[in-house]
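Novice: For the sequence shown, our numbering assigns the number 5 to the initial residue and increments by one for each residue that follows.
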Amino acid sequence: MNERKGSVGKLLSFPGRQAVAAQGVAVPAAPPSHAPGPRSDPGVGRLTVTSVVKSFKKRTVVRGVSLELSRGEAVGLLGPNGAGKTTVFYMITGLIPADEGSIKIDGRDVTKLPMYRRARL
């Protein structure tokens, strides 16, 4: 578990949480009781990140990270320095583009949208 991985390295499991083998991303197994449940109306606030990859020159710093969040949920990205945690966040917000994979908000692909357009959603 202490072995350094190329992307978001260390995986921790907490009671009531499910560990996902997406390069060290831990997500809740079920929404917390205080979080709103899924809604069928548009604009529910669902974020879906699928197999995002980012390389700088020839070095891949994020390799195949996926996660899914609903409004009210929180996820922690855990890993050693240089594992790609900040890079994943920057790709989600649109500060830097993903080389591969997709980022969707409420089912709408925003992978290629600039940061200011994502903020308006």
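Glycine included, each C-beta is placed from N, C-alpha and C at the ideal position. Quick caveat: nothing in here was measured; it's all calculated off a predicted structure.
Is the Cβ-Cβ distance between Gly68 and Ser59 less than 8 angstroms?
Specialist: Translated into the one-based positions of the sequence shown, residue 68 becomes position 64. Translated into the one-based positions of the sequence shown, residue 59 becomes position 55. It is not a contact, given that the beta carbons lie outside the stated cut-off.
Novice: For the putative contact between Met119 and Thr91, defined by C-beta atoms under 8 angstroms, what is the C-beta separation to the nearest angstrom?
Specialist: Translated into the one-based positions of the sequence shown, residue 119 becomes position 115. Translated into the one-based positions of the sequence shown, residue 91 becomes position 87. Contact doesn't hold; Cβ gap of about 15 angstroms is too wide.
Novice: In three-state DSSP terms, what is Ile107?
Specialist: By one-based count along the sequence shown, residue 107 stands at place 103. Ile107 falls in the strand class under three-state DSSP.
Novice: Here's the rule I'm using: 16 or more other beta-carbon atoms within 10 Å means buried, otherwise exposed. How should Ala123 be labelled?
Specialist: One-based indexing of the sequence shown puts residue 123 at position 119. Per the 10 Å Cβ criterion, exposed.
Novice: Quick check on Ala78: buried or exposed, where buried means 16 or more other Cβ atoms within 10 Å of its Cβ?
Specialist: Looking up residue 78 in the sequence shown gives position 74. When all chains shown are included, Ala78 counts as exposed.
Novice: Could you give the distance in angstroms between the alpha-carbon of Lys116 and the alpha-carbon of Val57?
Specialist: Translated into positions along the sequence shown, residue 116 becomes position 112. Translated into positions along the sequence shown, residue 57 becomes position 53. Lys116 and Val57: Cα-Cα distance of roughly 14 angstroms.
Novice: Hey, Lys89 and Leu81 are a contact pair by Cβ (cut 8 angstroms); roughly how many whole angstroms apart?
Specialist: Position 85 of the sequence shown, counted from the start, is the residue given in the question as residue 89. Position 77 of the sequence shown, counted from the start, is the residue given in the question as residue 81. Confirmed, about 4 angstroms.
Novice: Which residue from Asp113, Asp103 and Leu73 puts its Cα closest to that of Arg214?
Specialist: Missing from the structure shown is residue 214; the chain here goes from 5 to 125 and no further.
Novice: On the CB-based measure, 16 or more other CB atoms within 10 Å of its CB, does Gly83 come out buried or exposed?
Specialist: For the purposes of this step, residue 83 is taken as residue 79 along the sequence shown, with counting starting at 1. When all chains shown are included, Gly83 counts as buried.
Novice: Given that a residue counts as buried once 16 or more other Cβ atoms are within 10 Å of its Cβ, and exposed if not, what is Leu125?
Specialist: Sequence index remark: in the sequence shown, residue 125 carries index 121 (1-based). Exposed is the call here.
Novice: Near Val48, which residues of its chain fall below 8 angstroms by C-beta distance, leaving aside the five closest residues on each side in sequence?
Specialist: Working through the sequence shown from its first residue, we reach residue 48 at position 44. Counting only Cβ-Cβ distances below 8 angstroms, and skipping sequence neighbours, we find Pro42, Ser74, Arg75 and Asp110.
Novice: Can you tell me where the beta strand (DSSP E) with Arg63 in it begins and where it stops?
Specialist: The residue given as residue 63 occupies position 59 in the sequence shown. First-last of the beta strand (DSSP E) with Arg63: Arg63 to Leu73.
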